[in-house]
Amino acid sequence: MKHAPDSENRYHRQMLLDGFGADGQCRLRESHVLIVGCGALGCVAADQLARAGVGKLTVIDRDTVELTNLQRQMLYTEADASAGKPKAIAARDRLAQVNSQIAIEAVVADFNYRNAQQMTVGVDVLVDGLDNFETRFLLNDLAVSQAIPYIYGGAVGTTGMAMSILPRPAPDSEVGSPWAPTHVTPCLRCLFASAPPPGTSPTCDTVGVLAAIVSMVSSYQVAETLKVLLGRFDLVNRDMLWIDLWANETRSLQSGNAGPMEECPCCAQRQFEHLAGDESSLTTVLCGSNAIQIMPPPGDNAVPLDDICQRLRGSATDVCVTPHLLTAEVRAGQRTYHLRLFKDGRAIIKGTSRIDEAKSLYARFVGA
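Just so you know, we're using the numbering used here here: the sequence shown kicks off at 731 and counts up by one.
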């Protein structure tokens, strides 16, 4: 990592703030933040944390940039969308232009129970840039099991929510946590016992999303992240923030006063079903995309993209391959689907919301 001589000048306005200064800036430089999901929320968080001088950012996202993302996903360009560039790669490239003094790791992959624990080694804070509760519950399991602060956020339509989670350590933990018992918060499953049933919650695809609410929620997440990185656990908001920017409503849900629930299956009973994979699926209906993600079986799933590209040229159109992924238009019956195959064997099939149909297309064009 490079440390340019003008670093003090770069962060001067931030260092003037109470609680920052040279010591605070040093703490940020030595910190590592994992941003899971680099869509609308993740873009804002990554941009602001990079500009703040957080020493290492890891961004993980499974998807590629599309034109419809540009309305709210601030790190991407029309060129990224035209090229179908993986979001994590596009974000890394943009952030490197913003701040060359920090380390930025881009991971083009699905964040799931198989890779979650290795992704969090050495991480100081988990930042939520997700669009589904299954992966949020996985993040929550990680946060509680490893005593890592987790900054939850979500936005859809004109509303957004955010909450900081400082999990209680295990009763038999010898290490404990750097925050005092009075700073412990409820975990996500204290508030949401289970994910909402499919089709019952609004999504960006069904009700849209206002870019301004995304920026507001994510900026709040960044502020909470900086408090944690600076060790100011006393300033962390223990309540959930809810905002409707269009209706001019702001609420603070007094979740912090109640503290963690004693019957919580996660932080009280220490049951980590999502981390164990008991509650995870190998197929995922992607929010707002009319698309299905298919994960390959466990093991070494590296696929020869160039070979598959040649094989598909006789049965598909618009076949294109890059070092990161293969894209193609494939036909089945009277319908056309868009296939994106990543080098780890993971595929996103756009044009269907039926898991059985997506699996059939994967087997047909990629192989079982």
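We treat Cβ as the ideally placed atom computed from N, Cα and C, and that holds for glycine. For clarity, every value in this text was computed on a predicted model and none was experimentally measured.
Exercise. Could you tell me whether the Cβ atoms of I789 and I819 are closer together than 7 Å?
Key: Sequence check: residue 789 is Val here, not Ile. Their beta carbons are not under 7 Å apart, which means V789 does not touch I819 by this criterion.
Quiz item: Which whole-angstrom value is the C-beta distance of G1075 and P1026, which I expect to be below 8 Å?
Solution: Cβ atoms of G1075 and P1026 come within 8 Å of each other, at about 4 Å.
Quiz prompt | Where P735 falls: helix, strand or coil (DSSP) | solution = Its pLDDT being 48, under 50, P735 is placed unreliably by the model, and the measurement read from it follows with that caveat. Looking at P735 - three-state DSSP - the assignment turns out to be coil, as it is neither helix nor strand.
Self-check item: Inside the stretch 958-989 only - alpha helix (DSSP H) runs reaching at least 4 residues
Solution: Runs of the alpha helix (DSSP H) inside the stretch 958-989: 985-988.
Quiz item: In terms of residues, what are the limits of the beta strand (DSSP E) holding G884?
Solution: Where G884 is concerned, the enclosing beta strand (DSSP E) starts and stops at Y880 to V886.
Quiz item: Since V874 is in the alpha helix (DSSP H), which residue starts that stretch and which ends it?
Solution: Where V874 is concerned, the enclosing alpha helix (DSSP H) stretches over F863 to Q876.
Exercise. For C1050, name the three-state secondary structure that DSSP assigns.
Key: C1050 falls in the strand class under three-state DSSP.
Exercise. Would you mind sorting G785 into buried or exposed? The rule is 16 or more other CB atoms within 10 Å of its CB.
Key: Buried: at least 16 other Cβ atoms inside 10 Å.
Quiz item: Taking the continuous alpha helix (DSSP H) assigned at A818, which residues delimit it?
Solution: Residues K817 to V828.
Exercise. Give the range of the beta strand (DSSP E) segment to which Q1023 is assigned.
Key: Element bounds for Q1023: A1021 to I1024.
Practice problem: Return the CA-CA distance between R802 and Y1067, expressed in angstroms with no decimal places. | Solution: Roughly 25 Å between the two C-alpha positions.
Practice problem: Answer yes or no: the CB of R1076 versus the heavy atoms of the ligand SAH, is any distance below 6 Å? | Solution: Inclusion of the ligand SAH in the displayed structure is not the case, the ligand content being empty and no account of it being possible.
Quiz item: Do C996 and V853 have their C-beta atoms closer together than 7 Å?
Solution: Cβ distance not < 7 Å, so C996 and V853 don't count as in contact.
Quiz item: When burial is assigned at 16 or more other CB atoms within 10 Å of the CB, is R792 buried or exposed?
Solution: Counting Cβ neighbours within 10 Å, R792 comes out buried, since at least 16 surround it.
Quiz item: Considering only C-alpha positions, which residue in the set I1038, C756, A998 and Q1040 is nearest to S737?
Solution: In this structure, C756 is the residue among I1038, C756, A998 and Q1040 with its C-alpha nearest to the C-alpha of S737.
Quiz item: Given 8 Å as the limit, is there contact between the stretch 814-829 and the stretch 853-867, that is, 3 or more CB pairs closer than that?
Solution: No, they do not touch.
Quiz item: What is the DSSP secondary structure of M891, counted as helix, strand or coil?
Solution: Three-state result, M891: strand.
Practice problem: Kindly indicate which three-state DSSP category L956 falls into: helix, strand or coil? | Solution: Residue state, collapsed to three classes: helix.
Exercise. Output yes or no for whether 7 Å exceeds the beta carbon distance between V944 and S894.
Key: Contact: no.
Quiz item: From L825 to Q778, what does the alpha carbon distance come to, in whole angstroms?
Solution: Here the alpha carbon of L825 sits roughly 10 Å from the alpha carbon of Q778.
Self-check item: K1080 - containing beta strand (DSSP E), residue span
Solution: A1077 to K1080 is the span of the beta strand (DSSP E), which, as asked, contains K1080.
Quiz item: Assuming A775 and S948 make a contact with CB atoms under 8 Å, what is their CB distance in whole Å?
Solution: Confirmed, Cβ separation roughly 5 Å.
Exercise. Identify every residue that forms a DSSP beta bridge with D840.
Key: According to DSSP, which records beta bridges pairwise, D840 is partnered with nothing at all.
Practice problem: Give the secondary structure of R898 by DSSP, where H, G and I count as helix, E and B as strand, and everything else as coil. | Solution: Collapsing the DSSP output to three states places R898 in coil.
Quiz item: Exposed or buried, what is E1116 when buried is set at 16 or more other beta-carbons lying within 10 Å of its beta-carbon?
Solution: This structure does not reach residue 1116, given that the chain is present from 731 up to 1098, and the question cannot be answered.
Quiz prompt | Residue from S985, A885 and L983 with nearest C-alpha to G938 | solution = Per the C-alpha coordinates, the member of S985, A885 and L983 positioned closest to G938 is A885.
Practice problem: Please determine, among N845, L1005 and A782, the residue with the shortest C-alpha to C-alpha distance to D871. | Solution: Put simply, of N845, L1005 and A782 the residue whose alpha carbon is nearest the alpha carbon of D871 is L1005.
Exercise. Tell me I1038's beta-bridge partners as DSSP assigns them.
Key: Residue pairing from DSSP leaves I1038 without any beta-bridge partner.
Quiz item: Between the stretch 824-842 and the stretch 913-928, are three or more C-beta pairs nearer than 8 Å?
Solution: At 8 Å Cβ cutoff, the stretches do not touch.
Self-check item: Bridge partner(s) assigned by DSSP for A925
Solution: Checking the DSSP bridge columns, you'll see A925 has no partner listed.
Quiz item: Is the CB-CB distance between L1012 and Q1023 below 7 Å?
Solution: No, the pair does not count as a contact, with Cβ atoms beyond the cut-off.
Quiz prompt | Own chain partners of R759 with C-beta closer than 7 Å, once the 5 adjacent residues on each side are dropped | solution = Within the same chain, R759 has close Cβ partners G783 and G785.
Practice problem: Tell me whether L805 sits in a helix, a strand or coil according to DSSP, three-state version. | Solution: DSSP, reduced to helix, strand and coil, places L805 outside both helices and strands of the structure shown, so it counts as coil.
Quiz item: With burial defined as no fewer than 16 other Cβ atoms inside 10 Å of the residue's Cβ, what is the status of A833: buried or exposed?
Solution: Under this definition A833 is an exposed residue.
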